[in-house]
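Residue numbers (the numbering used here): 4 to 153. By construction, the Cβ of each residue, glycine as well, lies at the ideal position given by its N, Cα and C atoms.
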């Protein structure tokens with residue numbers, strides 16, 4: 004089967020032949036697909052906020068991609084750390100939520116029940132609370148409203 008947008012793609016993994024600069028420490032890739040990242044995204048955003056802000060400030064300073072590699076690696080390490088913590092204490096709840104997202108076109112609104120289980124587990128295990136940026140403070144957050152629907 005040929006994808007019209009990828010005429011030259013032959014199906015094998017592509018590896019960038021350009022090595023990163025030697026002065027940068029190695030960092031692994033996050034190694035996750037979209038659904039697990041979306042499931043954990045609010046927690047990653049909160050836990051890695053400082054690193055993300057540093058990275059964005061660096062990008063605003065200089066548009067040269069090499070200029071902010073160090074800050075980008077800090078963001079990546081933080082995301083990996085957050086995902087490992089989530090997996091260590093709430094693996095079943097995390098898997099239930101991201102599998103729901105994966106099966107329902109990554110629509111958060113259709114996966115509120117598994118999300119509630121994940122949020123409760125992460126709060127119990129780490130004291131992490133999901134807060135949506137910019138949400139009204141005088142109303143319940145959308146993921147806390149009842150009734151929850153699948």
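- Residue environment analysis places residue 29 among the exposed positions, since fewer than 16 neighbouring C-beta atoms fall within 10 angstroms of its C-beta.
- Counting the other CB atoms within 10 Å of its CB gives residue 126 a total below 16, which places it among the exposed residues.
- C-alpha of residue 74 to C-alpha of residue 56: approximately 9 Å in a straight line.
- With a cut-off of 8 Å on Cβ pairs, the region 63-83 is not in contact with the region 95-114, counting fewer than three such pairs.
- With fewer than three CB-CB distances shorter than 8 Å, the region 105-113 does not count as touching the region 79-90.
- Comparing alpha carbon positions, the residue from 54, 89, 111 closest to residue 41 is 111.
- Here the alpha carbons of residue 116 and residue 21 stand approximately 45 Å from one another.
- Rounded to the nearest angstrom, the Cβ distance from residue 25 to residue 101 is 36 Å, too far for a contact under 8 Å.
- Taking a C-beta distance under 7 Å as the contact criterion, residue 43 and residue 86 qualify as a contact pair.
- The residue among 84, 91, 19 with its C-alpha nearest the C-alpha of residue 49 is 84.
- Taking residue 58 as the centre and dropping the five residues before and after it, the same chain places the C-beta of 71, 74, 75, 77, 78 closer than 8 Å to its C-beta, in chain order.
- Listed in chain order, the alpha helix (DSSP H) runs fully inside the region 43-84 are 52-64, counting runs of at least 4 residues.
- For residue 123, the uninterrupted alpha helix (DSSP H) segment begins and ends at 115-129.
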